[in-house]
Amino acid sequence: SKKSTVPIAVNTSGQMEVLTNLPKDGQSKTLKNFFLAMITFFFINVTWVFFRAPDFHSAWQLLCSMFSHVPKAEALLTTLAIIKISVIVFFLVLFHWLMRNTRVITVANKMPWGLVGIIWAFLLILLFWSQESSSAFIYFQF
């Protein structure tokens, strides 16, 4: 018998049970993997807050602002920064989709070596320009 229950949130062990007992057909397996990936992504985002915050109080404030409305809060990103990030993410997803069945090394081997060098130089320049602060390596304190 097919189950048609799809969990919306995974807060309790009962909802986790629904998530792990989805039907075994391909579409449900894909849905299950998607939800498991989202749960993993959620927990990684929460733990990154504690690695990057200078102290526990700052981490707790950031976590509270992630999950609730904070009146009169200062914006972390300007509108221009949000637009830039959105454009970058759009093109990353687009190129990932277009090259889903292609290996990057295969494409690079077909390009002239000068063009590959220009692309690498461009990416390195973008990397250096994107650095707004020099925060220490997150595992340095361990």
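Going by the numbering used here, the first residue of the sequence shown is number -19, and it counts up by one from there. From the three backbone atoms N, C-alpha and C, an ideal C-beta is built for every residue, glycine too.
Give me, in chain order, the residues of the same chain whose beta-carbon lies closer than 8 angstroms to that of A53; leave out the 5 immediate sequence neighbours on both sides. Here residue 53 refers to the residue found at position 73 when the sequence shown is read from its first residue. Result list for A53: S45, in chain order.
Cα-Cα separation, I63 to T20: Taking the sequence shown and counting its residues from 1, the one referred to as residue 63 is at position 83. Taking the sequence shown and counting its residues from 1, the one referred to as residue 20 is at position 40. In a straight line, the C-alpha of I63 is about 26 angstroms away from that of T20.
Suppose the cutoff is 7 angstroms on Cβ atoms and the five residues either side in sequence are ignored; what does the same chain contact list for F75 look like? Along the sequence shown, read from residue 1 onward, the residue named residue 75 stands at position 95. Closer than 7 angstroms at the Cβ level, and outside the excluded window around F75, lies no residue.
Could you give the DSSP three-state label for K12: helix, strand or coil? Numbered from 1 along the sequence shown, position 32 holds the residue referred to as residue 12. In this structure, K12 counts as helix in the three-state DSSP scheme.
Output the distance between the C-alpha atoms of W109 and L103, rounded to the nearest integer angstrom. Within the sequence shown, numbered from 1, the residue matching residue 109 stands at position 129. Within the sequence shown, numbered from 1, the residue matching residue 103 stands at position 123. In a straight line, the C-alpha of W109 is about 10 angstroms away from that of L103.
Apart from the five residues just before and just after D70, which ones in its own chain have a Cβ nearer than 6 angstroms to its Cβ? Residue 70 sits at position 90 when you count from the first residue of the sequence shown. The sequence given here places Phe at residue 70; Asp does not occur at that position. Once the five neighbours on either side are set aside, F70 has no close Cβ partner at all.
For the alpha helix (DSSP H) that L95 lies in, which residues bound it at each end? Walking along the sequence shown from the start, residue 95 turns up at place 115. Residues 93 to 109.
Taking K64 as part of the alpha helix (DSSP H), name the residues at either end of that continuous run. Start at 1 with the first residue of the sequence shown, and residue 64 comes out as number 84. Counting along the chain, the alpha helix (DSSP H) containing K64 begins and ends at 59 to 78.
Only counting the same chain, and skipping five residues up and downstream in sequence, which positions put a Cβ closer than 6 angstroms to that of L107? Sequence index remark: in the sequence shown, residue 107 carries index 127 (1-based). Nothing listed; no residue qualifies.
As assigned by DSSP and simplified to three states, the class of R32: Here residue 32 is taken as the residue at index 52 of the sequence shown, counted from 1. Residue state, collapsed to three classes: helix.
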